[in-house]
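For the sequence shown, UniProt numbering assigns the number 1 to the initial residue and increments by one for each residue that follows. Cβ atoms here follow ideal geometry from the backbone N, Cα and C, with glycine treated the same way. Shown next, in structure tokens, is the structure this report addresses.
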Amino acid sequence: MKKGAGFSPENVIPADIPATWAAMEGLYDSGKARAIGVSNFSCKKLEELLAAARVPPAANQVECHPVWQQAKLRDLCASKGIHFSAYSPLGSPGTFKAFSVLEHPVVVSAAEKLGKTPAQVALRWGIQAGHSVLPKSTHEERIRANFDVFDWSIPSDLFASFSEIEQTRLIRGKFWTHPEGVFKSEEEIWDGEI
1 MKKGAGFSPE NVIPADIPAT WAAMEGLYDS GKARAIGVSN FSCKKLEELL AAARVPPAAN
61 QVECHPVWQQ AKLRDLCASK GIHFSAYSPL GSPGTFKAFS VLEHPVVVSA AEKLGKTPAQ
121 VALRWGIQAG HSVLPKSTHE ERIRANFDVF DWSIPSDLFA SFSEIEQTRL IRGKFWTHPE
181 GVFKSEEEIW DGEI
């Protein structure tokens, strides 16, 4: 943010990712950080960072759920030894009115066939896809249900049906766009990966 400016998109200043990463590498080298990582890095941003980095990121934490699977980014992270970690693995229920991951017909159908909740199926999908999932809840019964995803799996035929889901990013970043800001459009934020 511009010094002394309020929190609004026109006050965002461009980030110097290589210099920031070099400082983080210094923390890693000094032992003050056991691992360093990134969040919300697209394939393009991650590849640019890797070209300049001495220490690769340990993880990239991004939005990922059955309705925004990010297969290309997951593959890139896997090929570079970067852990892929999913925030909003349930799609932030109740936050977005356009659609709900937990109400998607493929998720609901799988849940009914498996005798699980749609949330459990969405979490298990992420685990079976090979990444960590970071669900959030303040309700004890949901937290307990979220842990019941490790002793069963989604059969391959049902798992394959998830690849047919039309992909839609929920967290688009419109707040960060401004005609005079760093990002003029959502496409610029995500490097066209929308």
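Cβ-based burial, residue i [other Cβ within 10 Å; buried from 16]
i, result
"residue 163", "exposed"
"residue 13", "exposed"
"residue 20", "exposed"
"residue 152", "exposed"
"residue 118", "buried"
"residue 27", "exposed"
"residue 54", "exposed"
"residue 155", "exposed"
"residue 63", "buried"
"residue 116", "buried"
"residue 110", "buried"
"residue 258", "No statement about residue 258 is possible, as the shown extent of the chain runs from 1 to 194 and does not include it."
"residue 4", "exposed"
"residue 126", "buried"
Assumed close pair residue i, residue j - CB separation to whole angstroms, cut-off 8 angstroms
i, j, result
"residue 91", "residue 100", "6 angstroms"
"residue 52", "residue 82", "About 15 angstroms; that fails the 8 angstroms criterion."
"residue 65", "residue 89", "5 angstroms"
"residue 38", "residue 168", "Contact flag wrong, Cβ pair sits at about 23 angstroms."
"residue 193", "residue 10", "No, residue 193 and residue 10 are not in contact; Cβ-Cβ is about 24 angstroms, not under 8 angstroms."
Beta-bridge partners of residue i, as assigned by DSSP
i, result
"residue 60", "38, 84"
"residue 134", "87"
"residue 68", "65"
Closest Cα partner of residue i within the set the options
i, options, result
"residue 61", "147, 184, 152, 41", "41"
"residue 188", "18, 11, 70, 44", "44"
"residue 150", "16, 121, 156, 165", "121"
"residue 79", "118, 32, 130, 17", "130"
"residue 50", "142, 68, 25, 193", "25"
"residue 128", "5, 46, 74", "74"
"residue 158", "108, 140, 57, 139", "108"
"residue 165", "46, 69, 15", "69"
"residue 7", "67, 170, 178", "178"
"residue 113", "137, 161, 147, 11", "161"
"residue 17", "135, 33, 47", "47"
"residue 87", "72, 106, 143, 132", "132"
"residue 56", "170, 22, 136, 143", "22"
Neighbour flag for residue i against chain C, beta carbons, 8 angstroms
i, result
"residue 24", "Structure shown: chain C not included; a single protein chain is present."
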